[in-house]
Amino acid sequence: MVVKSRGKILLVKRNFRPEKGYWAVPGGHVEPGETFRQAAQREAVEEVGGVTIEGRQLMSFIHDADIGHRHRAHIFMGKVTGKVVAGSDAAEARWFSLNRMKRMDITHYTKTILNRVRGGKA
């Protein structure tokens with residue numbers, strides 16, 4: 005999920021492997037019986053608290069992960085509706101500009117999403 009506010013994007017610092025300590029957009033796997041939107045909303049609450057999914061799905065694509073398997077990504081836009089705090093799945097939750105993110109340890113998956121959003125492929 006991509007959450008933007010005042011020109012910055014919300015990232016969470018991963019608290020578990022793989023890529024523990026790297027920054028990523030909030031997200032995760034779909035549980036049995038969930039829609040993609042429901043999964044995005046559940047993950048948002050688990051990782052950052054006060055965020056809701058708004059509008060349409062931004063994009064969908066296949067992502068070949070560095071860790072040896074393939075993901076089908078469904079990206080939604082999120083909106084801050086309350087206090088943003090790191091949840092149980094995240095060590096931290098903070099806002100960053102795109103320029104600042106160029107110098108950070110960001111997951112490959114997040115780089116792929118941000119490049120697609122920046123490139124107008126959304």
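Per the working numbering, the sequence shown starts with residue 5, numbered consecutively.
Ideal placement from N, C-alpha and C gives every residue a C-beta, glycine not left out.
According to DSSP, K17 shares a beta bridge with W27, E96. Around the beta carbon of G82, a 10 Å sphere encloses 16 or more other beta carbons of the protein chains shown; the residue is thus reported as buried.
DSSP, reduced to helix, strand and coil, places K115 within a helical segment of the structure shown. R74: member of the beta strand (DSSP E) spanning 74–88, first to last residue.
The shortest CA-to-CA distance from K106 to any of N19, G86, R41, A28 is the one to A28.
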